[in-house]
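Undergrad: Offset between the sequence shown (1-based) and our numbering: plus 5.
Think of the CB as a built atom: it goes at the ideal place given N, C-alpha and C, for glycine as much as any other residue.
My structure is below; once you've seen it, I'll send some questions.
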Amino acid sequence: MLCFLRGMAFVPFLLVTWSSAAFIISYVVAVLSGHVNPFLPYISDTGTTPPESGIFGFMINFSAFLGAATMYTRYKIVEKQNQTSYFSTPVFNLVSLVLGLVGCFGMGIVANFQ
């Protein structure tokens, strides 16, 4: 399935897949453990008690790392495009990188807040 992805293109694909799996796995573990109601629980409720809290924290931390890698890759792509033709203001590119990294840092904090 990843054969069509070249270079760093697998990182956003892996980010979405891994993040979705984090929510689904923590939900399944929480329901099977009897910690939440199976009908539409809050995402925060599915990762509050062990063992699903550990699974949720680990997987979201890795998602934050993948998000940071995606933001840095995007920054470098736009920077390279700006060398050949005017694509975007470099300041906006840097601001988007910083905001993306701050968001990923916040996601890591949320993952470990118990």
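Among the residues of its own chain, which have a CB less than 7 angstroms from the CB of V41, if the five just before and after it don't count?
TA: Excluding positions up to five away in sequence, the list reads A35, D50, T51.
Undergrad: Report all residues from its chain with a CB closer than 7 angstroms to the CB of S5; omit the five preceding and five following residues, and keep chain order.
TA: Nothing can be reported for residue 5: it is not among the residues displayed for the chain, which extend from 6 to 119.
Undergrad: Helix, strand or coil for F42 per DSSP?
TA: Here the sequence assigns Asn to residue 42, which means Phe is not the residue at that position. Note: N42 maps to coil in three-state DSSP.
Undergrad: Under a Cβ-count criterion, where at least 16 other Cβ atoms within 10 Å of its own Cβ denotes burial, should M6 be classed as buried or exposed?
TA: Its pLDDT being 45, under 50, M6 is placed unreliably by the model, and the measurement read from it follows with that caveat. So M6 counts as exposed.
Undergrad: According to DSSP, simplified to helix, strand and coil, what is F61?
TA: Three-state DSSP puts F61 in a helix.
Undergrad: Can you give me the start and stop residues for the alpha helix (DSSP H) that M112 sits inside?
TA: Run containing M112: 95-117, per the alpha helix (DSSP H) assignment.
Undergrad: Measuring CB to CB, does S93 end up less than 9 angstroms from V83?
TA: For S93 and V83, yes; Cβs fall inside 9 angstroms.
Undergrad: Within the same chain, show all residues whose beta-carbon is closer than 6 angstroms to that of G62, passing over the 5 residues directly before and after it, in chain order.
TA: A116, N117.
Undergrad: Please go through the same chain and pick out, in chain order, the residues whose beta-carbon is closer than 6 angstroms to the beta-carbon of M64, but skip the five residues on each side of it.
TA: Answer for M64: A27, listed in chain order.
Undergrad: Could you check if V16 is buried or exposed, using at least 16 other CB atoms within 10 Å of its CB as the buried criterion?
TA: Label assigned to V16: buried.
Undergrad: Could you tell me whether the Cβ atoms of G105 and R79 are closer together than 9 angstroms?
TA: A contact, by the Cβ cut-off of 9 angstroms.
Undergrad: Just the C-alpha distance for G39 and I60, rounded to the nearest angstrom, thanks.
TA: Approximately 16 angstroms between the Cα atoms of the pair.
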